[in-house]
Each structure stands twice: as C-alpha cells, then as structure tokens.
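According to our numbering, the sequence shown holds residues 208 to 795 in order. The structure under discussion appears below in the form of structure tokens.
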Amino acid sequence: MKKNKSQIFRILSYVKPHWYLIVASTIAGILKLTLPLILPQVVKYFTDVVLMPNTTFTHDEQVYEVVKWIFILLALYTVVYIPAAFFRQIGATEVSNRIMNTMRCQLYEHLQKMSAKFHQEYKSGNLVTRINSDVEGVHEFIWNVATNVWIDGIVVIIYIILMGSMNIPLTIIACIALPTSVIITKKIRAHIRNNSRKVQANISEISGYMQERMTGYSTVRLFNMEQYERKKFNEYSNLIYQYRKKTNKFFSLGEAINGSFSEVISTIVIGLSALFIIGNQMTIGELIVFESYLGYFMTPLRRFAELNVSYAQSIAKIERVFEILDMPVDIRDSKEAINFEPDEPANIQFKNVYFKYELEQKNWNISNLNLSINEGERVAVVGSSGCGKTTLISLLTRFYDVNKGSIWIGNNDIKHYKLNSVYHQMGMVFQDTIIFSGTIEENIRYGKQDASQKEIEKAAKLANAYDFIMNSPNKWQTILGERGIGLSGGQKQRIAIARIFLRNPRILILDEATSALDSESELLVQQALDQLMEGRTSIVIAHRLSTIINADKIVVMDNGEIVEVGTHKDLLEKNGRYAELYNLQYNR
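Structure representation (structure tokens):
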C-alpha cells in the first residue's frame with residue numbers, strides 16, 4: 208500500500224506543473240454534469256404547477272412558460288454545455304499527452320545512459336514496449352484519477368445536497384451505494400491489477416521475441432523453423448490471452464455487481480417514493496426530479512467503482528515505467544570529471560586490470576592485464592574466440608568498468624574524464640556495422656551533425672564509398688532499410704568508415720572490421736582503414752592475421768591475459784602462441 212501511495216504522489220508531481228489545465232478541466236466537467244440537473248426541475252415545475260388541472264395559469268400563460276423554458280434550456284446547452292464538454296475533454300487530454308511526452312523522453316534519455324550490461328539483460332522489444340505501451344497508462348490515470356475523481360466527488364456532494372433537500376431518508380439509502388460497492392470490489396481490484404501487470408510483462412516479452420525473429424527472418428526460413436517459431440509465438444500470445452481473459456472476467460464481474468447494485472437502489476427508491484406520494488409526503492414532480500437525480504447520482508458512483516479497476520490497470524503500467532527510471536546508472540561521470548582535451552596525448556595504458564561480467568562468477572574475464580599504447584601507434588590484438596579481445600575494447604570504451612586496476616587515457620584515469628569528451632575523440636568500426644534506416648547522407652552525417660556537403664563527400668572518397676554512392680538511385684538521398692538493407696557488407700563498412708573520417712577522432716578502434724567480407728570488398732575496406740589509421744592511435748582486433756602484419760605492435764591474448772607482445776616478425780621467431788595461431792590459419 209505504501210508503494211502504491213508513493214507512486215501516486217510521484218505521478219502527481221508530473222501533474223503539478225499543469226495544475227491550471229486540471230483545474231479548468233475539472234470546473235468544465237462539473238458544469239457539464241450539473242447543467243442537466245436544471246431539466247428535472249423544469250419538468251417538476253411543469254408537472255406540479257404549469258400543467259396541473261387546477262393550475263392558475265391561463266392557456267396563453269402556459270404556452271408562454273413552456274416556450275420560455277425551452278429557449279432558456281436550449282441557450283444554456285448551446286452557450287454553456289458545449290464549451291464545458293469541449294474544455295473538459297481537451298484539458299485532461301492535453302495534460303496526459305504532455306506528461307506522456309515528458310515521461311517518454313525521460314525514459315529514452317535514461318535508457319541511453321544505461322550500461323552495456325543493462326542492455327544485455329533487457330530485450331530491446333521489452334524496452335520499446337515500456338516507452339510506447341506502458342507510458343500510455345498515464346492517460347488512464349490522468350483521466351480517471353486526476354480529473355474524474357475531483358469532478359465526481361464535487362458533483363456527488365451537489366447531488367446529495369439537492370436530493371437531501373427533497374427527501375432525507377431516500378438520500379441516505381442512495382448514499383449506501385458508494386461504500387458498499389467499493390468494499391465489494393476490493394478483491395476484484397487486486398486481481399485486475401495483478402493480471403494487468405502480467406499482461407504488460409508478457410507484451411514486453413512478445414515484443415522482444417518478435418523483434419529478434421523479424422530481424423533474423425532469413426535464418427528462420429533457411430532452417431525451416433517457421434512451424435517451431437509459430438508454436439513459440441502462439442504460446443506467448445496464448446499466455447497474454449489467458450491473463451487478459453482473467454482480467455476481463457474480473458472487470459465484467461465488477462461491472463455486473465456495480466450495475467445490479469445501482470438498479471437495486473433505484474428500485475427501492477422508486478418503491479418508497481410511491482409510498483411517500485400515497486401519504487402526501489411527496490409530489491409526482493418531486494418523484495420525477497428525485498429519480499432523475501438518482502440516475503445522475505449513480506453515474507459518478509459507478510465511475511468511482513470503475514476507478515478502482517482503471518486505477519489498478521494504469522498503475523500497473525506506470526510502475527513498469529518507474530521501475531526502469533529508478534534503475535541507477537552504473538557507469539556515469541563523477542562530479543569532479545573533466546574534459547579530455549584535444550591537446551592531451553592520445554596514449555592508452557591498462558594498469559593491472561581485472562574484470563569479470565558477473566561478480567559471482569569464479570574466473571576473471573580479464574586478469575592482471577598491463578598494456579601501454581603510445582600516441583599514433585598501431586596496435587593489433589589477436590587470440591582465439593573468448594580470449595578477451597572484445598572485453599578489452601568494452602573496458603576501454605567504458606561500456607563496462609574494471610573491477611580492479613585502472614585504464615588511463617592521456618594524463619588521467621579514464622574515469623576522471625567526462626565520457627562525452629572521450630567519445631568525441633574516439634571512433635569505432637565494428638564487424639556488425641550499425642546502419643540506421645534513413646538516407647546515406649544521414650548515416651554518414653551521424654559522425655558530425657554540422658558537417659558541410661563538401662566534408663561529407665571528402666569522407667566518402669577517403670572511405671572508398673563515393674563511387675557506389677554516386678551509382679545509387681538517389682545518390683546521397685538514397686533511402687536505406689533497417690540495418691542498412693539494400694547495401695552489401697562491404698558497402699555498409701565503407702559507410703561506417705566514412706562516418707569515422709567525418710568525425711576525425713584521435714583514437715581508433717577496429718573490431719574485426721573486415722572478417723565478414725569477401726576478398727574484393729576486403730581490399731577496398733582495408734585500403735580505407737589503412738588511410739583512416741594514419742596518424743591515429745589505433746587498436747585493431749583481427750581474426751585474419753594477414754591484415755595486421757604491419758602493426759607497430761601485436762598483443763596476443765589467451766584466457767583473459769596477455770601472453771605475448773611484439774611485431775609480426777618477432778612473434779613468429781618466438782614460436783609461441785602467435786606463431787601457433789598463424790600456422791593454424793595458413794596450414795603450416
């Protein structure tokens with residue numbers, strides 16, 4: 208219960224800046240719901256006074272009274288009711304849209320700050336669901352809690368005063384409805400909230416699953432796994448269906464209880480009203496007014512009962528948003544962090560570095576690693592799969608932080624620098640190149656947003672990408688599909704290299720940038736990479752040893768440790784681990 212209250216106060220803190228819209232929407236809502244109360248009073252006036260057989264009004268006066276009140280009512284509905292209904296709707300909707308926009312942007316910003324470990328633990332589809340679907344829970348909350356609860360609360364008080372002025376015993380009976388319906392639906396509300404959480408969790412799961420399978424559709428088809436994947440998807444979907452079925456069952460039960468309860472109250476009130484009329488304690492006009500007010504009275508009462516249900520559903524979604532927002536950013540700038548200035552040396556040092564992905568695991572992924580890389584030096588890192596090459600790069604880029612030891616760039620521990628200032632002078636080309644949907648120009652410009660067209664063309668030429676871009680249907684404005692669909696592997700790599708040329712970093716990291724390319728593409732990409740590495744501090748992770756023969760220094764890793772360091776020639780002469788890898792690759 209404490210957690211629920213804290214979540215309510217937290218979401219209300221988002222509402223606070225827009226209080227004036229909530230107030231306007233509430234006032235408009237009260238006008239919208241109370242204005243119809245005039246009509247029953249007019250009907251009572253007609254029934255008990257104007258249209259009575261023994262009325263004192265003449266025929267012309269009767270006609271005048273009827274026409275007068277028709278015009279008054281029409282004027283009120285046109286001048287007051289329509290604007291009130293409009294502002295009631297638009298005010299609350301505008302607040303919920305503003306808050307959803309704020310929360311969505313906050314969530315995305317927070318996700319960008321999270322480390323690689325977080326993004327490995329959460330599927331991208333799951334996170335997309337939280338940004339899109341779960342944030343929508345705010346609308347339900349604003350509409351039902353932030354506005355309806357105030358509107359209905361004030362209107363109920365007005366109804367009680369008006370009904371009480373006519374008949375207190377009947378009003379007391381009518382008032383029994385609210386607490387009774389809330390008590391009856393308490394357990395139902397808990398079930399709905401629990402199942403709503405499960406529905407949202409499974410929607411996140413199925414979103415992540417779909418994103419993976421849609422991305423890997425070719426693998427699914429080539430392995431004839433369509434039937435298997437359909438079965439798995441159906442299981443996910445069926446689970447959502449079952450939870451929603453339970454939610455709907457409890458929702459329908461709550462609706463049925465509340466609906467039937469209001470009808471029972473209405474029946475009792477009509478019966479007692481008839482007895483009061485027989486005993487000359489009530490007029491027929493008063494019966495009409497009281498019954499009309501009772502109908503209006505039951506509407507907010509029913510909404511109060513439904514509020515429990517809609518609150519349970521919306522808060523389940525909002526909790527999932529706050530769950531992500533409350534996760535601490537584990538890799539962030541310290542308060543004393545400084546900029547990594549362009550005039551500082553771009554040398555790198557690993558000092559007694561230890562690291563493991565999970566603290567509970569027994570073995571270190573990186574153990575007692577010491578390595579110095581001078582500014583402008585070209586260093587290759589080689590070793591068998593799983594030896595720690597990519598982990599080394601992940602630590603240098605602070606995708607993860609070391610457990611022990613330190614990594615220095617320039618004159619300081621990398622933790623003493625602001626991450627953005629380090630990344631501004633660092634460029635990476637991966638084996639699995641990330642190309643975004645959009646134009647070729649937009650993808651290259653990703654390296655420098657304010658680059659001129661001349662700079663973009665120069666970068667493309669240096670990356671050996673200019674010719675194929677000019678031969679593309681719309682040249683720079685050629686639209687690329689998701690993950691660069693429409694480009695070959697070599698073309699993607701050259702776009703990525705052009706992006707780095709445009710950024711012009713002083714530290715360059717190449718993570719097996721040519722391993723997945725054919726010979727012709729590899730030649731073009733390698734030429735571009737050689738030009739890119741010129742004069743930059745470069746770290747090259749390579750599988751094909753032929754691509755790093757000319758490196759200033761080759762670092763050989765095995766089981767998370769550096770076992771050899773030297774030039775290609777020196778390491779072959781040592782006849783150690785590097786020579787073993789080289790001979791295996793070239794069948795010697």
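All C-beta atoms, glycine included, are put in the ideal place defined by N, C-alpha and C.
Status (buried if at least 16 other CB within 10 Å, exposed otherwise) for residue i
i      : result
Lys209 : Bear in mind that the predicted position of Lys209 carries a pLDDT of just 49, short of 50, making it unreliable; the figure below should be weighed with that in mind. The residue is exposed, with fewer than 16 neighbouring Cβ atoms inside 10 Å.
Pro712 : buried
Asn487 : exposed
Met489 : buried
Ile748 : buried
Trp571 : buried
Pro247 : buried
Leu566 : exposed
Gly617 : buried
Ile358 : buried
Pro507 : buried
Ala235 : buried
Ser480 : buried
Ser541 : exposed
Asn374 : buried
Glu526 : buried
Phe278 : exposed
Ser232 : buried
Asn402 : buried
Nonlocal neighbours in the same chain, by C-beta distance under 7 Å from residue i, ignoring five residues either side
i      : result
His326 : none
Trp350 : Ala299 and Ser303
Gln792 : Leu752
Lys223 : none
Pro376 : none
Glu347 : Ser517, Gln520 and Ser521
Asn671 : Arg701, Leu731, Gln734 and Ala735
Ile380 : Ile472, Ile475 and Val476
Limits of the alpha helix (DSSP H) - the one that residue i falls within
i      : result
Tyr366 : Val356 to Met373
Phe294 : Ile289 to Lys320
Trp276 : His266 to Leu283
Glu771 : Per DSSP, Glu771 belongs to no alpha helix (DSSP H); it is in the beta strand (DSSP E), Glu768 to Gly773.
Leu717 : Premise fails: Leu717 lies in the beta strand (DSSP E), Ile714 to Asp718, not in any alpha helix (DSSP H).
Arg605 : Premise fails: Arg605 is in no alpha helix (DSSP H) and is neither H nor E.
Asn577 : No alpha helix (DSSP H) contains Asn577, which is instead part of the beta strand (DSSP E) from Ile573 to Ile580.
Gly587 : Sequence check: residue 587 is Ala here, not Gly. Looking at the DSSP string, Ala587 is not in any alpha helix (DSSP H); the run it does join, the beta strand (DSSP E), is Arg585 to Val589.
Range covered by the beta strand (DSSP E) that runs through residue i
i      : result
Met635 : Met633 to Phe637
Lys558 : Ile555 to Phe562
Glu787 : Note, Glu787: premise wrong, no beta strand (DSSP E); alpha helix (DSSP H) at Arg784 to Gln792.
Asp765 : Lys760 to Asp765
Asn662 : It should be pointed out that residue 662 corresponds to Glu in this sequence rather than to Asn. Counting along the chain, Glu662 falls outside any beta strand (DSSP E), though it belongs to the alpha helix (DSSP H) covering Gln660 to Leu669.
Arg751 : Taken as a continuous stretch (DSSP letters only), Arg751 belongs to no beta strand (DSSP E), as it is neither H nor E.
Close beta carbons around residue i, own chain, < 6 Å, minus the five adjacent residues each side
i      : result
Leu716 : A small correction: the amino acid at residue 716 is Ile; Leu does not occupy that position in the sequence shown. Closer than 6 Å at the Cβ level, and outside the excluded window around Ile716, lie Ile600, Met635 and Ile746.
Ile306 : Tyr221 and Val345
Arg585 : Met740, Ser745, Ala758 and Asp759
Met633 : Pro712 and Ile714
Asn581 : Asn554
Tyr288 : Leu242
Ile756 : His775
Residues near residue i by beta carbon distance below 8 Å, same chain, minus five either side
i      : result
Leu788 : Val589, Gly590, Ser591, Leu752 and Val763
Ser679 : Ile647 and Thr685
Residue j beta carbon less than 7 Å from that of residue i
i      : j      : result
Leu238 : Ala282 : no
Lys320 : Val536 : yes
Val342 : Arg295 : no
Asp718 : Cys594 : no
Ala544 : Lys625 : yes
Ile218 : Thr336 : no
Glu771 : Leu778 : yes
Ile495 : Ala353 : no
Ile686 : Thr646 : yes
Gly492 : Lys251 : yes
Ile614 : Gly767 : no
Leu240 : Val356 : no
Ala705 : Ala666 : yes
Val257 : Phe264 : yes
Ile538 : Arg605 : yes
Residue i: CB within 6 Å of a non-hydrogen atom of the ligand FMN
i      : result
Glu412 : The ligand FMN is not part of this structure, which contains no ligands at all.
With a threshold of 8 Å, are at least 3 pairs of Cβ atoms found where one atom belongs to the stretch 637–655 and the other to the stretch 582–590?
no
Is it a yes or a no for the stretch 625–642 touching the stretch 565–577, going by three-plus beta-carbon pairs under 8 Å?
no
Does the stretch 358–366 touch the stretch 498–507, meaning 3 or more C-beta pairs lie closer than 8 Å?
yes
Specify whether the stretch 543–563 and the stretch 616–624 touch according to this definition: at least 3 beta carbon pairs, one from each stretch, less than 8 Å apart.
In short, these stretches touch, since the Cβ pair count reaches three.
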